[in-house]
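Before any comments, here is the structure.
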Amino acid sequence: MDPVLSEPFRAGPDTTVIPTHWPVPGVGVIPMNAFVVHASEPVLVDTGTAALGEDFVDALASIVAIEDLRWIWLTHEDRDHTGSLRRLLELAPRARVLTSFMAIGRMLPDGPFPLDRVRLVNPGETVNVGDRNLRALRPPLFDSPATVGLLDDRSGALFSSDCFGAPLPEPGMAAARRADDIPPEVLAPSQVAWATVDSSWVTMADPVALGSALDALAGLQPSVVLSSHLPPVHDCLDRVVATLRTTPSADPVPGVTQAELKALLAGFEPQPEARPQPTKEKVHV
Ligand SMILES: [Fe+2]
Ligand SMILES: [Fe+2]
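According to numbering that gives the first Met the number 0, the sequence shown is numbered sequentially starting from 0.
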């Protein structure tokens, strides 16, 4: 049940993936990625899940000097994206947080946030990070209204936040370095499962409107699509986009019931060990 942090790897000349995968019984293995853009003003995209703690910080330190980070692009406020945020604001005193007003607002109930370290960004705006511009965009699917993905205009990498995620049947697939290597007959239903749970509104969505949003994303011709919850998409963008086009007609997914939770927890119960029966002591009277 614990997240597993794997070796960081390059998904392009200027982009490193910090990959985690999280086995969820009854669901599958969910990739959870953060990324570093090796711009002249280095950018971290999302900050891992809190359960990783210092392991995430150590992994990040292995690929960039943390004190040199200038930007932390927070795609949204969900806890699998904000785990090390406050810690990194301490370790990277020059870093500013790029995110939406809604994301900050939704984090404030957790405690004060240093608003002087924030630069708000909205879909359609660009941010210069030294040797490139990052263009903010709204991914076609999202689970938070705060979501802002981004396109690196120099490398062509597109960071799609939760869009294109998939719970995969085995750790090896979740830890793969290319989504292209996951068999299509496995990837497609896993994508639909993710989309209909994480963006459950999609089963009520207008297929034409969703199709237009997907066309707009594909029209950007990204060199790689980096989802927070899927290995990098290098060559199979047409296929994963085609799968998402089908999601408005998918069946809504009911929530997990208490009976299912009980059955799940029963599976975690330690098996009783065969113990010697206690011998009855003689009672002396
Ligand atoms: Fe999310
Ligand atoms: Fe997420």
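C-beta: ideal position from N, C-alpha, C; glycine also.
Just so it is clear, the structure is predicted and the values come from calculations on it, not from any experiment.
With a threshold of 6 Å, the Cβ atom of SER83 does not count as near ligand 2, since no heavy atom of the ligand is closer than that.
Looking at ASP214, VAL28, VAL196, ALA38, the one whose alpha-carbon comes closest to that of GLY254 is VAL196.
Here GLU66 has LEU90, ALA91, PRO92, ARG93 as same chain residues with Cβ atoms under 8 Å from its own Cβ, once five neighbours each way along the sequence are excluded. With fewer than three CB-CB distances shorter than 8 Å, the stretch 113-129 does not count as touching the stretch 168-184. PHE100 carries a helical assignment under DSSP once its states are collapsed to helix, strand and coil. Fewer than three Cβ pairs drawn from the stretch 204-221 and the stretch 44-52 lie within less than 8 Å of each other, which leaves the two stretches out of contact. Scanning the stretch 76-120 from its first residue to its last, the whole alpha helix (DSSP H) runs of 4-plus residues come out as 78-81, 84-90, 100-106. Per DSSP, ILE62 has no beta bridge partner at all.
Residue range 42-44 is occupied by the beta strand (DSSP E) that includes VAL42. One Cα belongs to LEU73, the other to MET101, and the distance between them is close to 11 Å. Of all alpha-carbon atoms in MET0, PRO2, GLY82, THR19, the one lying nearest the alpha-carbon of PRO231 is that of THR19.
The DSSP assignment places 170-173, 183-197, 206-218 as complete runs of the alpha helix (DSSP H) inside the stretch 144-221, in order along the chain (cut-off: 4 residues).
In this chain, the beta strand (DSSP E) harbouring GLY27 covers 27-36. DSSP places LEU263 outside any beta strand (DSSP E); the residue lies instead in the alpha helix (DSSP H), whose first and last residues are 257-267. For ALA241, the enclosing alpha helix (DSSP H) starts and ends at 236-244.
If the five residues before and after PRO122 are omitted, its C-beta is found closer than 7 Å to the C-beta atoms of ALA135, LEU136, ARG137, VAL147, all from its own chain and listed in chain order. For CYS235, the CB contacts under 7 Å within the same chain, skipping 5 residues up- and downstream, are ALA178, ASP179 in chain order. Excluding residues up to 5 positions away in sequence, THR15, LEU43, ILE62, VAL63 lie with their Cβ nearer than 6 Å to the Cβ of VAL35 in the same chain. Contact between the stretch 148-159 and the stretch 199-213 is absent, with fewer than three C-beta pairs closer than 8 Å.
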